[in-house]
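Below is one structure, written out as structure tokens, with a few remarks after it.
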Amino acid sequence: MKKDVEIAQEAKMLPITEVAKVLDIPSDELEQYGKYKAKLSYSYIKENMNREDGKLVLVTAINPTPAGEGKTTTNVGLSMALSRLGKKTVTTLREPSLGPCFGVKGGAAGGGYSQVVPMDDINLHFTGDFHAITSAHSLLAALLDNHIHQGNKLGIVTKRIVWKRVVDMNDRALRNIVIGLGGKGDGVTRENGFDITVASEIMAILCLASDLDDLKERLSKMVVAYNYDGEAVTAGDLEATGAMALLLKDAIKPNLVQTLDNTPAFIHGGPFANIAHGCNSVVATKTALKLGDYVITEAGFGADLGAEKFFDIKCRYAGLKPDCVVIVATVRALKMNGGVAKDNLAEENLDALRAGSSNLIRHIENVAKFGVPSVVAINRFPTDTDAELELLDKICEEYGVKVVLSEVFAKGAEGGMDLAEEVVRICEEGKADFKPLYDLDLSIEEKMEKIAKEIYRADGVDFTPAAKKQIKELTKLGYDKLPICVAKTQYSFSDDATLLGAPTGFTITVRELRVSAGAGFIVALTGSIMTMPGLPKVPAANGMDILSDGTIIGLS
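Using the numbering used here, read the sequence shown as starting at 1 and increasing by one per residue.
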């Protein structure tokens with residue numbers, strides 16, 4: 001089979017104006033970035049917000065493994081299959097970060113014959129949204145340090161500055177730095193550091209804001225430091241809101257592209273699924289719901305992180321009510337969860353599959369807690385045996401969930417028709433009764449314990465002395481009624497990446513709490529989660545190039 005980049009380069013793309021016609025979007029409401037990508041005008045978005053919503057389908061997955069699951073590929077393939085069924089369908093995805101793209105994870109445009117295109121543009125600079133977010137974040141950092149240099153009227157404690165700088169690249173050397181070195185005119189010397197752009201609170205805000213006014217209000221609430229009285233100092237206090245919003249005036253508009261089958265796709269925003277909520281923008285999702293019959297979206301990593309945050313943060317703030325959840329898994333990944341080494345995954349192993357299926361079952365049970373019906377999509381590999389697939393059918397049937405084979409990677413829309421038909425059946429049945437997991441009036445500790453016990457199945461939560469102190473401070477400052485965004489390893493239900501399957505008998509340790517007051521959640525950091533990744537020994541960037549005729553090599 002051809003490589004992803006080869007398939008993408010051979011795609012027969014339609015002019016973006018033709019793609020827009022599928023959703024009845026007039027061409028003069030598009031702000032075009034070349035022939036195949038465009039932003040939707042802000043005025044058109046506002047004009048259509050009173051229309052009736054289509055059906056909302058979330059694509060999530062089991063905990064990721066090196067064996068691969070294919071969540072984005074399933075999202076794209078399902079949207080293409082629904083279009084082939086005659087449904088006016090829109091897929092909504094996050095924008096890829098340059099860090100993972102040049103590091104080890106690769107891009108985020110799907111794969112095989114289920115991709116969004118132009119793939120190379122999407123995976124690289126796209127329409128400049130991430131650059132705008134980086135610039136807005138950097139502007140606030142510069143205004144903060146300038147304020148201190150010019151006399152520090154707000155009484156900021158330099159040891160209690162929490163606003164770092166950002167760059168959209170994996171660069172471990174920038175995690176901890178010292179700024180202000182040099183002469184008297186070079187600023188105040190202090191410790192600082194860089195996060196990757198997708199970990200910026202501005203990224204989370206862009207993806208949760210309902211409109212430009214909401215964006216500005218959220219930006220103004222961002223906590224950048226604390227003063228000598230222990231009070232929060234915000235971006236609004238630094239009078240930075242208007243200038244940041246000005247830099248984000250185009251970035252807030254969703255980007256329209258297409259799949260290989262020319263199905264419309266909104267790709268917008270890209271918050272970290274660990275540090276933030278890991279979903280595409282509210283503006284893109286809500287706009288798609290007004291324009292399409294079916295909207296296929298996804299959340300980052302496994303359902304324990306992505307789906308939980310989608311439900312408890314994004315849906316809560318945006319007033320979204322999902323109709324169906326697709327849980328993506330592979331036989332290979334489930335066998336790995338059952339203890340099989342990566343080199344032996346091609347061999348039939350029913351015992352390991354049965355053991356590893358505990359991971360899938362726990363996700364099925366968790367999704368049901370939110371009142372949304374689900375279907376399991378198995379990305380089929382050539383090495384999957386009939387016996388293994390029959391066993392999965394039997395296991396999931398016991399929990400009232402249907403298993404559907406998906407071959408969208410190799411066959412595109414054709415390989416997702418069964419999945420599309422099952423999604424339509426579930427949505428038309430109308431049995432979804434969505435509800436968040438917890439009430440916001442609970443204390444910080446109670447909300448964290450609710451997530452840990454009911455979603456991760458932990459015995460409880462241990463808060464370090466530093467975290468306990470932060471809880472008291474955040475409660476005193478009035479931030480205790482915000483939802484919780486857990487920063488945890490994606491590889492396990494626990495905070496230990498080596499505990500695969502469905503572990504029990506563990507506790508979750510919260511080592512630090514950070515408030516993202518503008519985004520509207522408290523980040524609870526567990527384990528060794530980092531906000532600035534590093535590059536691997538052999539970065540993907542080493543194998544990338546562009547030939548003299550424009551042919552791209554190594555991008556995926």
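Quick reminder that beta carbons are idealized off the backbone N, C-alpha and C, glycines included.
- A distance below 6 Å between beta-carbons, with the five flanking residues on each side excluded, links residue 545 to the following residues of its chain, in chain order: 553.
- Taking 3 residues as the shortest admissible run, the segment 352 to 438 contains the following complete beta strand (DSSP E) segments, listed from N- to C-terminal end: 374 to 379, 403 to 406.
- The beta carbon of residue 162 sits closer than 8 Å to those of 223, 224, 225, 226, 514, all from its chain and outside the five residues before and after it, given in chain order.
- Taken through DSSP and simplified to helix, strand or coil, residue 113 comes out as coil.
- Between residue 121 and residue 3, the C-beta spacing is not below 8 Å.
- Burial check for residue 274: the Cβ neighbour count within 10 Å reaches 16 or more, so the residue is buried.
- When the beta-carbon positions are compared, residue 67 and residue 392 stay at least 8 Å from each other.
- Separation of residue 417 and residue 81 (C-alpha to C-alpha, rounded to the nearest whole angstrom) is 5 Å.
- Exposed is the label assigned to residue 150, since fewer than 16 other Cβ atoms lie within 10 Å of its Cβ.
- Taking residue 367 as reference, the option from 434, 318, 428, 419 with the minimal CA-CA separation is 434.
- Given a length threshold of 4 residues, the segment 466 to 527 has no whole run of the alpha helix (DSSP H) inside it.
- Taking C-beta atoms under 8 Å as the contact rule, residue 219 and residue 252 fail to qualify, at a distance of about 11 Å.
- Residue environment analysis places residue 448 among the buried positions, since at least 16 neighbouring C-beta atoms fall within 10 angstroms of its C-beta.
- When secondary structure is reduced to three states using DSSP, residue 154 falls in the coil class, being assigned neither helix nor strand.
- 305 is the residue among 166, 305, 103 whose C-alpha sits nearest the C-alpha of residue 526.
- The continuous stretches of beta strand (DSSP E) do not include residue 2, and DSSP gives it neither H nor E.
- If one requires a minimum length of 3 residues, the beta strand (DSSP E) runs lying completely within the segment 275 to 336 are 294 to 298, 324 to 329, in chain order.
- For the pair residue 438 and residue 182, the Cα-to-Cα distance works out to about 51 Å.
- The beta-carbon distance between residue 57 and residue 292, rounded to whole angstroms, is 11 Å. This is too long to meet the 8 Å contact definition.
- By the neighbour-count criterion, in which a residue is buried when 16 or more other Cβ atoms sit within 10 angstroms of its Cβ, residue 125 is exposed.
- Annotation for residue 204: no beta strand (DSSP E) segment contains it, though the alpha helix (DSSP H) segment containing it runs 201 to 208.
- In the three-state DSSP reduction, residue 58 falls in the strand class (E or B).
- With the rule of 3 Cβ pairs closer than 8 Å, the segment 404 to 424 counts as touching the segment 369 to 384.
- Taking a 10 Å sphere around the C-beta of residue 132, we find 16 or more other C-beta atoms and assign the residue as buried.
- Take residue 128, set aside five residues on each side of it, and the residues of its chain with a beta-carbon closer than 8 Å to its own are 250, 251, in chain order.
- About 4 Å separates the CB atoms of residue 334 and residue 356; that is less than 8 Å, so the two are in contact.
- Excluding residues up to 5 positions away in sequence, 515, 517, 522 lie with their Cβ nearer than 7 Å to the Cβ of residue 479 in the same chain.
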